[in-house]
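Chemist:
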Amino acid sequence: MKPIVDYHMHTFLCGHASGQPHEYIQAAVAAGLEEAGFSDHAPLVSHDDPTLTMSRDQLPQYHHMIEDVRARFDGQIRVRVGIEADFLEGCENKTREILDGYAYDYVIGSVHYIENWGFDDPKEVEKWKQADVDQVYRQYYLYLRKSAQSGLFDIMGHVDLVKKFGHRPSQTLFEEIKKTADTFKDAGVAIEINTSGLRKPAKEMYPALEDLKIYCERGVPFTFGSDAHQPQEVGMDFDKAAALAKEAGYQEYVLFENREICQKVKL
Ligand code: ZN
Ligand code: FE
Ligand code: FE
Ligand code: ZN
């Protein structure tokens, strides 16, 4: 069965996505989805960058747009309101304050920064040249664990994003991933199978099959996201994502409402 949900869709408010919210929902309906959720980039609490996230002033507009589109497609598809927030160590209270400002069906927690380096930002890709790749990977997984333990998030986003530009560690870091999966399980967070990695130099989904097997073994629930930054990416490669989940051993995925798992759906 094809997945019925896409929880990872952006809006033009982040400054690097295109299309109107109703076009994303139209695309979701056309793809046969029963549920779709927006999870645009939450305002950065460390610094402002209009090419990366909405500003705090734009949060009301974000919520209005989703309310409008939800009403407009009532009876055709369930529209969920989520958000993708950065994990920034030391800024947890500011992040919490932003997330507490509105009701969400789910919050995706993403590590896009290692210390102050936006390691997945094309504007900062040069810094990989000086980086110790193994060390970056280890730090990345450490931050993933800290994000889960922060209690700020419900779903951990693209949990091996560090591979985005194709940098690979000298050996697979299974002990890091096992530790991370145990932490996720204890913290009660889910993960997503995010198909956008297929469209990046990494040319694989986030996370890779071998990692996904570990998350499955540890009993970490998962859901689906395309990380659409344009309407035509909604639900992209979801047949492949479902096949990957099955191959990893999963039999079901989860849906969210009011920041809790509200339903399990058979794969
Ligand atoms: Zn983005
Ligand atoms: Fe992200
Ligand atoms: Fe995203
Ligand atoms: Zn993302």
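Numbering (this note's numbering), first residue to last: 788 to 1054. Note that beta-carbon positions come from the ideal geometry of N, C-alpha and C, so glycine has one too.
Determine the contact status of glutamate 822 and arginine 859, defining contact as a CB-CB distance below 8 Å.
Modeler: Walking along the sequence shown from the start, residue 822 turns up at place 35. Walking along the sequence shown from the start, residue 859 turns up at place 72. Not a contact, by the Cβ cut-off of 8 Å.
Chemist: In this structure, does DSSP put serine 897 in helix, strand or coil?
Modeler: To locate residue 897, count along the sequence shown from 1; it is residue 110. If DSSP states are grouped into helix, strand and coil, serine 897 belongs with the strands.
Chemist: With 16 other CB atoms within 10 Å as the buried threshold, where does asparagine 1045 fall?
Modeler: Taking the first residue of the sequence shown as position 1, residue 1045 is located at position 258. Burial call: exposed.
Chemist: Among all the DSSP beta bridges, which residues are the ones paired with alanine 823?
Modeler: Locating residue 823 in the sequence shown gives position 36, where the first residue counts as 1. Asp793, Val866.
Chemist: How would you call glutamine 936, buried or exposed, if buried means at least 16 neighbouring beta carbons within 10 angstroms?
Modeler: As a first step, residue 936 is located in the sequence shown; it is residue number 149 there, counting from the start. When all chains shown are included, glutamine 936 counts as exposed.
Chemist: Give every residue of the same chain whose Cβ lies closer than 8 Å to the Cβ of glutamate 911, excluding the five residues on either side of it in the sequence, and list them in chain order.
Modeler: Indexing the sequence shown from 1 puts residue 911 at position 124. Only Trp904, Gly905 meet the Cβ criterion.
Chemist: What is the rounded straight-line gap between the Cα of leucine 999 and the Cα of valine 946?
Modeler: As a working mapping, residue 999 is identified with position 212 in the sequence shown. As a working mapping, residue 946 is identified with position 159 in the sequence shown. Whole-angstrom Cα-Cα distance: 10 Å.
Chemist: Let me make sure I understand the geometry here. Which of Glu871, Phe1009, His954, Gly975 has the alpha-carbon closest to that of glutamine 917?
Modeler: Working through the sequence shown from its first residue, we reach residue 917 at position 130. When only C-alpha atoms are compared, the closest one is His954.
Chemist: Helix, strand or coil: how does DSSP classify leucine 831 here?
Modeler: Along the sequence shown, one-based indexing puts residue 831 at 44. It is coil, neither helix nor strand.
Chemist: Is it the case that the CB of histidine 797 approaches a heavy atom of ligand 3 more closely than 7 Å?
Modeler: Against the sequence shown, residue 797 aligns to sequence position 10. Within the cutoff, so yes.
Chemist: In three-state terms, what does DSSP make of glycine 1036?
Modeler: Taking the sequence shown and counting its residues from 1, the one referred to as residue 1036 is at position 249. Glycine 1036 falls in the coil class under three-state DSSP.
Chemist: What residues in its chain sit with their C-beta under 7 Å from that of leucine 820, if we drop five residues either side in the sequence?
Modeler: For the purposes of this step, residue 820 is taken as the residue at position 33 of the sequence shown. Ile791, Val792, Asp793, Ile864, Gly1022.
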